[in-house]
Amino acid sequence: MYDAIILGGSYAGLSAGLPLARARRRVLVIDAGLRRNRFAAAAHGFLTQDGAPPDEIAAHGREQLMNYDTVDWLHTEIQHVERAEQGFRLLDRQGEAYQARVLILATGVADELPAIPGLAERWGTRVFHCPYCHGYELQRGRIGVLAVSAISMHQALMLPEWGSTTFLLNRAFEPSAEELAQLQQRGVALERAPVVRMGGEPLEVILEDGRTLALDGLFVAPRTRLSPLVSQLGCALEEGPMGAFIRTDPTQATSIPGLFACGDAARGAGSVPLAVGDGAMAGTAAHRFLMFG
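Okay, so the sequence shown: first residue is 1 according to the numbering used here, each after it adds one.
Have a look at this one:
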């Protein structure tokens with residue numbers, strides 16, 4: 001029986017572990033090794049770590065957390081989780097069981113990318129979702145925004161801050177007259193021809209009519225998918241612009257006593273610094289729950 005189990009050993013989960021470890025609580029971190037930003041070469045916007053490789057940030061964070069002798073680390077995939085009489089019970093794919101008084105979900109989300117040939121291969125290198133994370137490095141170059149839904153309008157209005165922007169409607173979204181005026185005011189060019197595939201270097205977008213657009217980067221707002229473990233627990237969710245996320249209060253507590261959530265799984269949109277902050281709050285609140293209920 002652990003005091004706390006943290007599901008997910010990326011930035012939010014690592015941050016959540018530190019307050020508990022420093023309170024000398026017995027903690028188990030369970031991680032399957034699939035960070036959301038594993039495709040990116042560098043992370044940006046995180047104070048003292050701006051431009052550092054994401055895997056190095058995660059590895060350094062793990063090293064620091066594992067310096068505390070009350071923390072265990074397990075590399076496996078959890079298949080089932082349920083509430084138990086004294087907290088929570090988890091089963092991994094080998095059938096091994098683990099129990100804890102509190103559970104912190106730092107499971108992140110999976111991105112569901114548009115099914116356009118060549119796009120997935122460039123995810124994190126030339127195709128992005130967050131301009132604050134990747135826009136600056138495009139050096140005010142040629143930027144595309146691929147429409148997937150109405151949320152893409154927001155991206156198209158933002159991206160001119162980072163470069164010359166073309167909004168690829170791709171038969172997924174049609175701006176209203178008011179929205180067209182907003183796009184014009186922001187200097188956004190429109191492209192209505194559907195996208196067939198992507199290739200080239202830095203990035204070529206091949207259109208259905210045979211034309212090719214040369215871009216330095218492309219932004220898309222993919223749908224996000226929560227871990228199936230979230231539905232097993234039955235905690236309350238909220239619907240965000242890109243998909244459902246776990247509803248939490250200001251202390252990262254969910255609708256289920258003793259269950260906390262942090263990182264991208266508990267935000268409508270996230271980043272490394274936000275995940276770290278939310279994780280610190282979740283770990284502190286989980287310790288408070290262990291003390292006082």
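A virtual CB, placed ideally from N, CA and C, is assigned to each residue, including glycine.
- When DSSP states are grouped into helix, strand and coil, A32 belongs to the coil group.
- Listed in chain order, the beta strand (DSSP E) runs fully inside the segment 40-102 are 71-75, 78-84, 87-92, counting runs of at least 3 residues.
- In the displayed model, F292 falls within a helix according to three-state DSSP.
- Under DSSP, E174 shares a beta bridge with no residue.
- Around the Cβ of E112, a 10 Å sphere holds fewer than 16 other Cβ atoms; the residue is exposed.
- If you check the CB distance, Y11 and V196 do not come in under 8 Å.
- Just so you know, the alpha carbons of G8 and R211 end up roughly 44 Å apart.
- The C-beta distance from L20 to V27 rounds to 5 Å, short enough to meet the 8 Å contact threshold.
- In the three-state reduction of the DSSP assignment, M1 falls in the coil class.
- When the beta-carbon positions are compared, A156 and V188 come within less than 8 Å of each other.
- Here DSSP, grouped into helix, strand and coil, assigns D278 to helix.
- Taking 8 Å as the upper bound for CB-CB distance, A265 and V102 are not in contact here, some 16 Å apart.
- If you compare the alpha carbons of A115, G135, R140 with that of A42, the shortest gap goes to G135.
- Taken atom to atom, the span from the alpha-carbon of L138 to that of D216 is near 6 Å.
- Within the segment 125-198, the complete beta strand (DSSP E) runs of at least 3 residues fall at 142-146, 164-168, 189-191.
- Distances from the CA of L190 to each of A253, G200, L169 were compared; the closest alpha carbon is that of L169.
- As the crow flies, the alpha-carbon of A23 is around 43 Å from that of M158.
- Nearest to A244 by alpha-carbon distance, out of P250, A253, S231, N67, is S231.
- Contact between W162 and P131 holds: CB atoms are separated by about 6 Å, below the 8 Å threshold.
- In the structure shown, the three-state DSSP call for T107 is coil.
- Residue pairing for R223: DSSP places it in a beta bridge opposite E112.
- Shown here, T212 sits in a strand according to DSSP, grouped into three states.
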